[in-house]
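Everything below concerns the one structure shown next.
There are 2 protein chains.
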Amino acid sequence: MKNCPVVRLIKQTYHHGDLRNALVSEALKLLEQEGAEGFTLRDLAARVGVSHAAPYAHFEDKNALLAAVAVAGFQKLTAYLETAIKDKSDPAEQYVRMGEAYVCFGIENPALYTLMFASEELPEQRDRFPELKEAGAAAFGALSGMLDSMQQSGFMRQGELDGFGFAVWAHVHGLTSLIITGRAECAGDCAGAGIGSAEEAIRMSLLGLLHGLKNPTTA
Amino acid sequence: MKNCPVVRLIKQTYHHGDLRNALVSEALKLLEQEGAEGFTLRDLAARVGVSHAAPYAHFEDKNALLAAVAVAGFQKLTAYLETAIKDKSDPAEQYVRMGEAYVCFGIENPALYTLMFASEELPEQRDRFPELKEAGAAAFGALSGMLDSMQQSGFMRQGELDGFGFAVWAHVHGLTSLIITGRAECAGDCAGAGIGSAEEAIRMSLLGLLHGLKNPTTA
DNA sequence: TTACCAATCTTGACAGCGGTAAGTTAGGGG
DNA sequence: CCCCTAACTTACCGCTGTCAAGATTGGTAA
Chain A
1068 MKNCPVVRLI KQTYHHGDLR NALVSEALKL LEQEGAEGFT LRDLAARVGV SHAAPYAHFE
1128 DKNALLAAVA VAGFQKLTAY LETAIKDKSD PAEQYVRMGE AYVCFGIENP ALYTLMFASE
1188 ELPEQRDRFP ELKEAGAAAF GALSGMLDSM QQSGFMRQGE LDGFGFAVWA HVHGLTSLII
1248 TGRAECAGDC AGAGIGSAEE AIRMSLLGLL HGLKNPTTA
Chain B
1068 MKNCPVVRLI KQTYHHGDLR NALVSEALKL LEQEGAEGFT LRDLAARVGV SHAAPYAHFE
1128 DKNALLAAVA VAGFQKLTAY LETAIKDKSD PAEQYVRMGE AYVCFGIENP ALYTLMFASE
1188 ELPEQRDRFP ELKEAGAAAF GALSGMLDSM QQSGFMRQGE LDGFGFAVWA HVHGLTSLII
1248 TGRAECAGDC AGAGIGSAEE AIRMSLLGLL HGLKNPTTA
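Each protein sequence line maps, in turn, to chains A and B.
Going by our numbering, the first residue of the first sequence is number 1068, and it counts up by one from there.
Going by our numbering, the first residue of the second sequence is number 1068, and it counts up by one from there.
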């Protein structure tokens, strides 16, 4: 094998050098190309130019690899959310901007977003990747921090910040998830503008929720 | 084979008679037992007592089988939602009841719910199962119908019913999805009541959204 | 009744997947 | 310079979805 010229052409070194990061970043590309189905360890390894067993030197599992990808996704999302409100000061505008940015991130990276919120249903599995939990919490922290600053600036009423954050998170996550899975058209059977009306619907529902959370609950 | 007494004991007939329905209903059980991972056609077939290739006489694909299961799930959900408000007349109570029922359904059938909202990301795949689309639309119809009656009774303001429905659907779906995937604890780091506070958070956010949608948007 | 047909189910095979074990390569510290 | 250890390859295993070919039956027509 050491004399195989073809292999020599493709890869100069036996040791890759940075396989772990290469796998994660290539996985991000592969994920959006092939979708969450069809995502194969062997395919990924071939793309990076290593054998199908090489990833096991850096990841215990396929799930561990996917968890690392999801962590990268949450970091991307966090940065995306914070960038969206960087040069905005008006509380309501910050709120809408971040909400729209959240949904936008999901639309632009549907397979990644789906992976990030994949079930990992077993309680055992949930505790397997603490970094994943942290990365998710950091993304939620961006949202929560924005709401916190809204409260401190007197825009929203005090109290129950955690509940507010959860409600807003659930709302934008629900919007994103429904749009990604194609239920948006199902809901709005208005044979109209399409994307334009979807943006309007998102803005409307975001503002509706904000308005309701701003003021004390009636019932 | 026709003389094998063991097989004779287990199954009396060569032809199952109602294999299609048996597969779907057994799949519903198997799904909650094993989770969406670990769900295997061969396992399912063995449980029903047929060979591993028998399902292909009734379903083109594993995805087709799963689609049928998802259809059954949506029918279950629709019935669940309608039952929840059957003997209630107060608009706000209907709203909260149905919202809580929606979330409750997801919590009680997490794997099924996840399957129902699984990506089927490819646009081609999305159009493959029209009954699935219809069943999903029917579930949304229960929600939308409830909102419609709220409007007709003068409780909510007129207009943009589709947008309202989508916003409410997104909200309850987001709540359900986050709870199922274990993000609820991540958001509420309040080391308190747990389930009790989650129910309170759900109710609060539902009422918040309702309040915001009831009244004209300020911004 | 009998013969046959089409649907249903079984058996056996295939490629591709995730994962493991044993051997190979090579960079880096003694 | 050697060798040790991490990184990587090769070969293999069991399992999966899927397909093709044959066996089995209920029902239909003669």
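Think of the CB as a built atom: it goes at the ideal place given N, C-alpha and C, for glycine as much as any other residue.
Is the shortest distance between the beta-carbon of F1233(A) and the beta-carbons of chain B less than 9 Å?
-> Taking the first residue of the first sequence as position 1, residue 1233(A) is located at position 166. Closer than 9 Å to some Cβ of chain B, the Cβ of F1233(A) qualifies, so yes.
Within 10 angstroms of the Cβ of A1268(B), are there 16 or more other Cβ atoms? Answer buried if so, exposed if not.
-> Locating residue 1268(B) in the second sequence gives position 201, where the first residue counts as 1. By the Cβ-count criterion, A1268(B) is buried, with 16 or more other Cβ atoms from all chains shown falling within 10 Å of its own Cβ.
Where does the unbroken alpha helix (DSSP H) through S1216(A) begin, and where does it stop?
-> Working through the first sequence from its first residue, we reach residue 1216(A) at position 149. Note, S1216(A): alpha helix (DSSP H), P1197 to Q1219.
Take G1368(A) as the anchor and find which of H1082(A), D1110(A) and P1177(A) has the nearest alpha-carbon.
-> What the structure shows of chain A is the stretch from 1068 to 1286, and residue 1368(A) is not part of that stretch, so it cannot be assessed.
Outcome for H1278(B) when other beta-carbon atoms lying within 10 angstroms are tallied against a minimum of 16 = Numbered from 1 along the second sequence, position 211 holds the residue referred to as residue 1278(B). Flag for H1278(B) reads buried.
Cβ neighbours of H1238(A) in the same chain (closer than 6 Å, five flanking residues each side left out) = Sequence index remark: in the first sequence, residue 1238(A) carries index 171 (1-based). Around H1238(A), the same chain offers L1276 as residues with beta carbons nearer than 6 Å, after the five sequence neighbours per side are excluded.
Any idea what DSSP makes of I1152(A), helix, strand or coil?
-> Taking the first residue of the first sequence as 1, we reach residue 1152(A) at position 85. I1152(A) falls in the coil class under three-state DSSP.
Is G1039(A) close to chain B, meaning its C-beta is less than 9 Å from at least one C-beta of that chain?
-> Beyond the ends of chain A as shown, which are 1068 and 1286, falls residue 1039(A); an answer cannot be given.
Can you round the beta-carbon distance between A1137(B) and L1182(B) to whole angstroms, since I take them to be within the 8 Å contact cut?
-> Against the second sequence, residue 1137(B) aligns to sequence position 70. Against the second sequence, residue 1182(B) aligns to sequence position 115. Sure, about 6 Å apart at Cβ, within 8 Å.
Sort A1124(A), F1231(A), H1119(A) and G1140(A) by Cα distance to E1212(A) and report the nearest one.
-> The residue labelled residue 1212(A) in the question sits at position 145 within the first sequence. The residue asked about is misnamed: residue 1212(A) is Gly in this sequence, not Glu. For the residues A1124(A), F1231(A), H1119(A) and G1140(A), the minimum Cα distance to G1212(A) belongs to F1231(A).
Please decide whether A1260(A) counts as near chain B, where near means a Cβ-Cβ distance under 9 Å.
-> One-based indexing of the first sequence puts residue 1260(A) at position 193. Low per-residue confidence applies at A1260(A): pLDDT is 39, beneath 50, and the placement is therefore not dependable enough to give any value.
Compare the beta carbon distance of A1139(B) and F1126(B) with 9 Å and say whether it is the shorter of the two.
-> For the purposes of this step, residue 1139(B) is identified with residue 72 of the second sequence, where counting begins at 1. For the purposes of this step, residue 1126(B) is identified with residue 59 of the second sequence, where counting begins at 1. No, the pair does not count as a contact, with Cβ atoms beyond the cut-off.
With DSSP collapsed to three states, give me the class of G1102(B).
-> In the second sequence, the residue the question calls residue 1102(B) occupies position 35. Correct three-state label for G1102(B): coil.
Using 8 Å as the Cβ pair cut-off and three pairs as the minimum, do the region 1201–1215 of chain B and the region 1145–1164 of chain B touch?
-> With a cut-off of 8 Å, the region 1145–1164 of chain B and the region 1201–1215 of chain B count as touching, because enough Cβ pairs lie within range.
7 Å CB neighbourhood of M1165(A) in its chain, flanking five on each side removed | In the first sequence, residue 1165(A) corresponds to position 98, counting from 1. Scanning its chain for C-beta atoms nearer than 7 Å, with the 5 sequence neighbours on each side dropped, one finds around M1165(A) the residues L1148, A1151, I1152, L1210 and M1213, in chain order.
Which chain A residues sit within Cβ distance under 7 Å of G1249(B)?
-> If you number the second sequence from 1, residue 1249(B) lands on position 182. Those are R1193, listed as they occur along chain A.
Residues near E1093(A) in its chain [Cβ-Cβ closer than 7 Å; skip 5 each side] | As a working note, residue 1093(A) is residue 26 in the first sequence. Once the five neighbours on either side are set aside, the close Cβ partners of E1093(A) are L1111, R1114 and V1115.
Y1180(A) to S1118(B), Cα distance in whole Å?
-> If you number the first sequence from 1, residue 1180(A) lands on position 113. If you number the second sequence from 1, residue 1118(B) lands on position 51. In this structure, the straight-line span from the alpha carbon of Y1180(A) to that of S1118(B) is close to 37 Å.
Report yes or no: is there a C-beta of chain B within less than 9 Å of the C-beta of A1268(A)?
-> The sequence position of residue 1268(A) within the first sequence is 201, counting from 1. In terms of beta-carbon proximity, A1268(A) lines the interface with chain B, with at least one pair separated by less than 9 Å.
Do you know how far the Cα of M1271(B) is from the Cα of T1243(B)?
-> Indexing the second sequence from 1 puts residue 1243(B) at position 176. Indexing the second sequence from 1 puts residue 1271(B) at position 204. Looking at the two C-alpha atoms, the distance is approximately 15 Å.
So the alpha helix (DSSP H) F1172(A) belongs to, where does it begin and stop?
-> For the purposes of this step, residue 1172(A) is identified with residue 105 of the first sequence, where counting begins at 1. Residues P1158 to E1175.
Could you have a look at V1073(B) and say whether DSSP puts it in helix, strand or coil?
-> Within the second sequence, numbered from 1, the residue matching residue 1073(B) stands at position 6. Low per-residue confidence applies at V1073(B): pLDDT is 42, beneath 50, and the placement is therefore not dependable enough to give any value.
Any C-beta of chain B under 9 Å from that of L1245(A) = Start at 1 with the first residue of the first sequence, and residue 1245(A) comes out as number 178. At least one chain B Cβ lies under 9 Å of L1245(A).
Going by the CB atoms, is the gap between A1185(B) and L1133(B) shorter than 9 Å?
-> Translated into the one-based positions of the second sequence, residue 1133(B) becomes position 66. Translated into the one-based positions of the second sequence, residue 1185(B) becomes position 118. Here L1133(B) is near A1185(B), since their CB atoms are less than 9 Å apart.
Give a yes or no on whether 9 Å exceeds the smallest Cβ distance from L1097(B) to chain A.
-> As a first step, residue 1097(B) is located in the second sequence; it is residue number 30 there, counting from the start. Judged by the 9 Å Cβ criterion, L1097(B) is not in contact with chain A.
Distance CB(A1205(A))-CB(T1145(A)) smaller than 9 Å | For the purposes of this step, residue 1205(A) is taken as the residue at position 138 of the first sequence. For the purposes of this step, residue 1145(A) is taken as the residue at position 78 of the first sequence. Closer than 9 Å, so yes.
To the nearest angstrom, report how far apart L1280(B) and E1201(B) are at their CA atoms.
-> Here the question's residue 1280(B) lines up with position 213 in the second sequence. Here the question's residue 1201(B) lines up with position 134 in the second sequence. A direct Cα-Cα distance of roughly 27 Å separates L1280(B) from E1201(B).
Assuming F1233(B) and A1251(A) make a contact with CB atoms under 8 Å, what is their CB distance in whole Å?
-> By 1-based counting over the second sequence, the position of residue 1233(B) is 166. By 1-based counting over the first sequence, the position of residue 1251(A) is 184. Sure, about 7 Å apart at Cβ, within 8 Å.
E1167(A) and E1266(A) closer than 9 Å at C-beta = For the purposes of this step, residue 1167(A) is identified with residue 100 of the first sequence, where counting begins at 1. For the purposes of this step, residue 1266(A) is identified with residue 199 of the first sequence, where counting begins at 1. Contact annotation: E1167(A) and E1266(A) have beta-carbon atoms nearer than 9 Å.
Roughly how many whole angstroms lie between the Cα atoms of R1224(B) and D1154(B)?
-> By one-based count along the second sequence, residue 1224(B) stands at place 157. By one-based count along the second sequence, residue 1154(B) stands at place 87. Spanning the two alpha carbons is a distance of roughly 24 Å.
Residue-level contact to chain B via CB, S1272(A), 9 Å cutoff = The residue you call residue 1272(A) lines up with position 205 of the first sequence. The beta carbon of S1272(A) falls within 9 Å of a beta carbon belonging to chain B, placing the residue at that interface.
What does F1184(B) touch in chain A if you count any residue whose Cβ is under 9 Å from its own?
-> Mapped onto the second sequence, residue 1184(B) falls at position 117. Within 9 Å Cβ-Cβ: S1244, L1245, T1248 and R1250.
Residue nearest to W1236(B) in terms of C-alpha spacing, selected from Y1169(B), N1088(B) and N1282(B) | Taking the second sequence and counting its residues from 1, one reaches residue 1236(B) at position 169. Distances from the alpha-carbon of W1236(B) to those of Y1169(B), N1088(B) and N1282(B) put Y1169(B) closest.
Could you tell me whether the Cβ atoms of A1124(A) and L1098(A) are closer together than 9 Å?
-> One-based indexing of the first sequence puts residue 1124(A) at position 57. One-based indexing of the first sequence puts residue 1098(A) at position 31. Pairing A1124(A) with L1098(A) gives a Cβ-Cβ distance that is not under 9 Å.
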